[in-house]
Amino acid sequence: MKNVLSILFLFVTIFFAKGQFSAADSLRGGLSPLRSCYDVEFYDLYLQIDFNQKSIRGLNSIRYKVLQGFNMIQLDLFENMKIDSILHGSQKLDFHRKGNAFFVDFGRMQPAGITDVITVYYHGHPIEAQNPPWDGGFIWRKDEAGNPWLAVSCEGIGASLWWPNKDHLSDEPDSMRIRTIVPPNLMSVSNGQLRSVFKNQYVANYTWVVTYPINNYNVTLNVGNYTHFEDRYTSPTDSSQLAMDYYVLPEHLEQAKTQFKQAHEVLRTFEKYLGKYPFWNDGYALVETPYLGMEHQSAIAYGNQFKAGYLGRHPEGMPEDFIILHETGHEWWGNSVSCRDHGEMWLHESFCTYMEAVFMEEKYGPQAAERYLKFQYNYIENKQPLLGPLNVNFLGNDSDIYYKGAQMLHSLRQCFQNDSLWWASLKGFYQKYKINSVNTQDYIQFVQEFTGQDYGYFFKQYLEETQIPQLEYEIYKKGRKRFIRYRWTNCRPDFKMPVFLINEQHERLALYPNTQEWQSQVISKKMAKNIQFAYALFLVQELSDQDN
58 MKNVLSILFL FVTIFFAKGQ FSAADSLRGG LSPLRSCYDV EFYDLYLQID
108 FNQKSIRGLN SIRYKVLQGF NMIQLDLFEN MKIDSILHGS QKLDFHRKGN
158 AFFVDFGRMQ PAGITDVITV YYHGHPIEAQ NPPWDGGFIW RKDEAGNPWL
208 AVSCEGIGAS LWWPNKDHLS DEPDSMRIRT IVPPNLMSVS NGQLRSVFKN
258 QYVANYTWVV TYPINNYNVT LNVGNYTHFE DRYTSPTDSS QLAMDYYVLP
308 EHLEQAKTQF KQAHEVLRTF EKYLGKYPFW NDGYALVETP YLGMEHQSAI
358 AYGNQFKAGY LGRHPEGMPE DFIILHETGH EWWGNSVSCR DHGEMWLHES
408 FCTYMEAVFM EEKYGPQAAE RYLKFQYNYI ENKQPLLGPL NVNFLGNDSD
458 IYYKGAQMLH SLRQCFQNDS LWWASLKGFY QKYKINSVNT QDYIQFVQEF
508 TGQDYGYFFK QYLEETQIPQ LEYEIYKKGR KRFIRYRWTN CRPDFKMPVF
558 LINEQHERLA LYPNTQEWQS QVISKKMAKN IQFAYALFLV QELSDQDN
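Heads up: the sequence shown runs through residues 58 to 605, numbered per this note's numbering.
This is the structure:
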């Protein structure tokens with residue numbers, strides 16, 4: 058099979074030739090030697106929040122391991138944020154800035170193998186999000202009682218809009234501490250475990266600790282007049298208990314106590330099909346935010362207004378809260394299994410969106426899951442491939458990495474012709490790469506090794522092309538027998554995905570079309586009168602409708 062990554066290299070080259078990407082995109086999205094020479098192990102972020110000025114001031118101590126000797130490294134912080142100083146022990150280091158990147162000069166070689174720490178002191182006014190979470194920044198609001206309310210979203214645009222870090226998906230710290238100073242009447246909620254709270258009449262100091270690797274964009278800050286309540290989830294696997302913490306505005310407490318009960322069923326279903334909640338020691342949390350939602354690890358941003366579906370919109374008979382369902386799914390896909398480049402965000406969103414259908418299938422049955430997928434089909438745009446260009450912090454992903462990607466996975470399930478094998482592969486892939494990073498080739502290779510089948514044609518079509526394959530067919534009689542004649546069009550020449558005729562008794566007849574020649578298959582009179590195909594991501598074109 059031709060290597061997908063080599064194809065993507067060509068894809069990226071074409072985009073560069075068109076001038077779509079800049080040197081700044083490469084600085085942000087690429088892994089130059091000034092980034093790949095070190096591995097971040099720990100971030101220690103300490104911030105003071107000024108609501109009156111809409112500003113922050115603080116520091117980040119970065120512990121790293123030297124992989125290859127260097128005397129200079131690249132870090133990232135948006136250029137509107139001011140760097141006050143950088144310390145290496147007691148030594149003040151020189152640095153220079155280039156857009157949203159900055160380069161730290163150690164003045165001497167840092168040898169491979171050592172672990173060291175630098176501290177970046179900074180302050181500024183973080184950019185404000187105009188349409189969160191689809192654009193990034195701080196969200197400064199007031200609640201209904203007039204209290205300050207702060208949240209942040211930064212997926213895609215990058216966590217470096219508000220704190221200095223190595224802003225690349227491939228390098229997650231092994232753990233992190235987040236300390237914040239806020240007004241004494243407000244609560245500060247971040248990721249992981251709340252370790253301490255110190256208050257006086259002037260300020261409150263909160264310390265949160267993350268004990269697992271975490272994507273930079275998942276690091277969060279929520280400050281408001283929160284009310285906190287707790288729950289416990291008991292694992293059906295081993296009866297261990299997961300701490301569940303909920304932070305909502307006081308006026309929404311009773312609604313939240315009812316709505317958030319849904320999380321139990323979601324956690325239980327995902328545990329069945331994938332394995333236990335991945336960040337067990339850090340707990341599970343939902344935090345009310347003034348925007349729709351985001352998958353912040355162990356502190357999910359929740360802004361669905363305690364409504365059914367997506368702000369009240371959902372397929373008939375499936376009223377589950379979309380934010381609880383989808384963002385909880387990201388704890389497995391995106392936060393635990395993470396892609397290494399924004400061009401491969403389909404690995405986060407497609408799997409997570411498919412898990413919504415898995416939940417519906419578990420709760421309501423296979424037909425409900427297909428109805429759910431068909432509901433989502435309406436949002437497919439077919440404007441660009443699911444795979445984006447690499448090394449440029451690609452931000453052009455549209456809704457297809459969600460909905461089309463989920464349909465692609467369901468189509469792959471049909472290819473397996475064995476649901477037990479499909480569920481084993483889904484869980485097996487997750488278990489192999491949990492709390493780790495992956496790329497597209499990792500998944501393709503896993504599927505092919507797991508099944509012993511070559512699905513190169515399948516992934517090339519659905520990941521690299523925009524058009525949806527179309528199955529052309531016609532029914533004809535020859536003697537007393539009825540036949541279906543069929544072939545693939547509107548797709549790559551090597552596309553050969555099997556499809557399945559089904560009847561009212563859910564009996565299945567496998568068809569194996571290709572693009573090179575018509576195939577024919579004898580079918581029953583009953584099936585010929587009511588042609589139905591098992592649901593998958595393809596179009597159907599009947600060429601004739603003869604009297605049967």
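Glycine residues also receive a C-beta, built at the ideal position from the N, C-alpha and C atoms. Given the structure is predicted, the values throughout are model-derived calculations rather than measurements.
Assigned exposure category for residue i - 16 Cβ within 10 Å defines buried
i	result
R470	buried
F159	buried
N188	exposed
R165	exposed
E567	The question names Glu, yet the displayed sequence has Ala at residue 567. So A567 ends up on the exposed side.
V276	buried
P376	exposed
V61	In this predicted model, V61 has a pLDDT of only 35, less than 50, meaning its place in the structure is not dependable enough to derive any value.
W191	exposed
F286	exposed
G400	buried
Q424	exposed
G115	buried
D398	buried
D457	buried
S477	exposed
L368	exposed
Y460	buried
L84	buried
T28	Since the displayed the chain opens at 58 and closes at 605, residue 28 lies outside it and no answer follows.
In DSSP terms, what residue i is bridged to
i	result
H145	Q148
Q105	R114, I238
I140	Y179
C396	V495
F255	N262
M301	D288, Y341
H153	F160
K582	According to DSSP, K582 bridges with nothing at all.
W575	Answer is none; W575 lacks a bridge partner.
Q77	Its beta-bridge partners do not exist; DSSP assigns none.
Residue i versus residue j: straight-line alpha-carbon distance, rounded
i	j	result
Y261	L243	Correcting the residue type first, residue 261 is Ala in the shown sequence and not Tyr. Rounded to the nearest angstrom, the two C-alpha atoms are 8 Å apart.
G203	N157	34 Å
D455	S468	20 Å
V597	A216	44 Å
V254	S355	19 Å
E521	S297	43 Å
F432	Q77	34 Å
A426	I143	53 Å
Y283	F317	16 Å
P205	Y304	15 Å
D288	M301	5 Å
L310	L343	12 Å
F327	A365	20 Å
K484	F108	45 Å
G170	K122	7 Å
P183	D200	21 Å
S482	D499	13 Å
Y100	G350	24 Å
W575	I541	10 Å
M402	Q464	16 Å
T268	S232	5 Å
P442	K256	52 Å
E388	D378	16 Å
G445	L452	9 Å
P526	A414	22 Å
E352	T176	28 Å
G374	R428	10 Å
F195	T264	20 Å
Residue-chain proximity (residue i, chain E), Cβ-Cβ < 8 Å
i	result
R85	In summary, chain E is missing from the structure at hand, where a single protein chain is found.
Cβ separation of residue i and residue j, assumed to be a contact under 8 Å, to the nearest whole Å
i	j	result
D151	D162	4 Å
K149	H180	That pair is no contact at about 17 Å.
S407	S494	With a Cβ gap of about 16 Å, S407 and S494 do not count as contacting.
V323	L382	6 Å
L528	P570	6 Å
N392	I380	Not quite, the Cβ-Cβ distance comes to about 15 Å (not below 8 Å), so this is no contact.
I119	V174	7 Å
L447	Y411	Their Cβ separation, rounded to whole angstroms, is 23 Å, which puts L447 and Y411 out of contact at 8 Å.
Worksheet item: Where are the beta strand (DSSP E) runs, 3 residues long or more, that stay fully inside the region 174-218, in chain order?
Response: 194-199, 205-210
Worksheet entry | Length-filtered (4 minimum) alpha helix (DSSP H) runs lying within the region 329-391 | 379-389
Item to complete: Please specify which runs of the alpha helix (DSSP H), each continuous and at least 4 residues long, are wholly inside the region 549-573, giving them in chain order.
Response: none
Worksheet entry | Segments assigned beta strand (DSSP E), at least 3 residues, entirely inside the region 401-483 | none
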